[in-house]
Each structure stands twice: as C-alpha cells, then as structure tokens.
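Using mature numbering (1 follows the signal peptide of the UniProt record, and there is no 0), the letters of the sequence shown map in sequence onto residues -29 to -1, 1 to 181.
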Amino acid sequence: MIMNQKPQGLCTGVLGVPVLLQTFGSSVAQYNNATPASFNFTTTYKQVNKPVTNDGMFSIVNQVHDDFGTWFTPYDHTTGNGTGDMLLVNANFLPGEVFRTTVDNLSIGLIYEFSAFLGNLNKIQYNNILPNITFTIMTPANVTVASVSTGSIPETAVFAWVKYGMSFKATTASVTLLMTTVAVGGDGDDFVADDITLAPCSAQICGSTY
C-alpha cells in the first residue's frame, strides 16, 4: 500500500538537531569489523572486512581501497581525513537493500528530511553502470509514505560527495528508512554512502533531490 504523499526535495529551510545521524563510526584499521547490528541497521548485502569488495558485498572503511584500478580512493565524508568510516557498496546483480533502520519519537505533522551523502567510485570510463539509489519512508505497518530515487549518479573527473534525499511530512511517530539499489550490478555501480540523516526541517520550501 502506498500513501498519497508526494515527496518534496531536500529541505530548503532550516534543519534541526538530527533524530538520526549515521556516520558509521571510526576505526584505526582501514576495514572496520563492526557489523550492521552495531550501527542499528540491516542490509541484504554481504559484509567483507578486507579487499576485495566484490559484487553484492559491502564494507565499512575509512578509505576506499583501489581494488580494481578504476576506483577513486576517498576518505569518509564526516571527517574528510580518514579518521571516520563510511559505507562502501559494490551493488549486486539484482536490486537490494543497502540500508534499513527504524526511527522512533517523530512529531506527527512535522516536516523531516531523509538524506545521505553519496559518491560514485568509478572514474570516467566507457559504458559503466551508474548507481541509482531509492530513498523510501515507510510506516510501522510497511505502508510507503514517500519514495524518491537519485537517478543515475554520474561519473566525475574528480571524486565528489553529493547530498541526496527528500523531505516529507511525518504521519506516524515511528518510520522505517530504506535505501535500495535500483541499477543492476556488474561493471560499475560502485558507490559510498555516509552521514545518513533524518532531521526536522522548518520553513520548508520545495527543493530538489540533490
């Protein structure tokens, strides 16, 4: 069942204190052994704690390892210097759940922004599959409140973190936040995610998804 709520763009008003801010922590080692349960989220992807992060796998890292000779090797978005971690995903051949978590104690009727910083890891090449991530808000009864996709995240000459997401009006005090891959895996469709956030938005004006 889908509720009749059209998702708005990113908050163009003032963001309040986040109800959720997922930074994926920090680790001394490049690969963090902490599991999704440690960060209160689930995923359909398989965790690997050392190179190589193949199709259908994810890693929590403080810097991306250039496993295939075609990836950028950025630090996390939170710190930008390698002292924090991020989520590295090599998309599966079929769409899958990258991130799922439940957030409680929302104020019904208030506008919230659900967002994340994402980056395409692939350097510019011919015919790579481009990441495309869907952000979905669901009620405790698994009713979809709103959903929006990033569209194809382009390859760039220099790695770039870009904020994607949407704002919506809370209709229940608890919501499930879901990020899923839309494009199929294979050559390309490799990306990182960081600073996944749910925050109240005041003086909301309709914006864009990025």
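Where is the CB? At the ideal position from N, CA and C, for every residue including glycine.
Minimum Cα-Cα distance from M109 among the listed residues L101, S118, P102, N103 corresponds to S118.
According to the DSSP assignment, Y83 belongs to the beta strand (DSSP E) that extends over 82 to 91. For F10, the secondary structure class from DSSP, reduced to helix, strand or coil, is helix.
Between the segment 160 to 175 and the segment 70 to 88 there are three or more inter-stretch CB-CB distances shorter than 8 Å, so the stretches are counted as touching. Non-local C-beta neighbours of Q18 in its own chain, meaning closer than 8 Å and more than five positions away in sequence, comprise T6, P7, M28, F29, S30, I31, ordered along the chain. In the structure shown, the three-state DSSP call for A117 is strand.
For K140, the enclosing beta strand (DSSP E) starts and ends at 133 to 140.
In this structure, S120 and T105 form a Cβ contact; the two beta carbons are roughly 5 Å apart against a cut-off of 8 Å. L65 and N103 have their C-alpha atoms roughly 12 Å apart. Straight-line spacing of the CA atoms in A112 and T142 works out to 12 Å. Under the three-state reduction of DSSP output, F162 falls in the strand class. In the structure shown, the three-state DSSP call for A144 is coil. Judged by their CB atoms, S145 and D75 are nearer to each other than the 8 Å cut-off.
Under a 10 Å Cβ-count criterion, D47 is classified as buried, with 16 or more other Cβ atoms of the shown protein chains found around its own Cβ. Taking every protein chain shown into account, the CB of P45 has 16 or more other CB atoms within 10 angstroms, so this residue is buried.
Following the DSSP letters along the chain, one finds E68 inside the beta strand (DSSP E) bounded by residues 68 to 74. Counting along the chain, the unbroken beta strand (DSSP E) around L(-10) starts and ends at -10 to -8. Residue V(-2) holds the alpha-carbon nearest to the alpha-carbon of N52 among N20, D38, V(-2). Inclusion of V155 and I82 in the CB contact set at 8 Å is not warranted, their separation being larger than that value. A128 sits away from L58, with the two beta carbons spaced by 8 Å or more.
Excluding sequence positions up to five before and after D56, its CB lies within less than 7 Å of the CB of F(-6), G(-5), S(-4), S(-3), N3, I31, V32, N33, D47, all in the same chain and listed in chain order.
Beta-bridge analysis with DSSP links T24 to no other residue.
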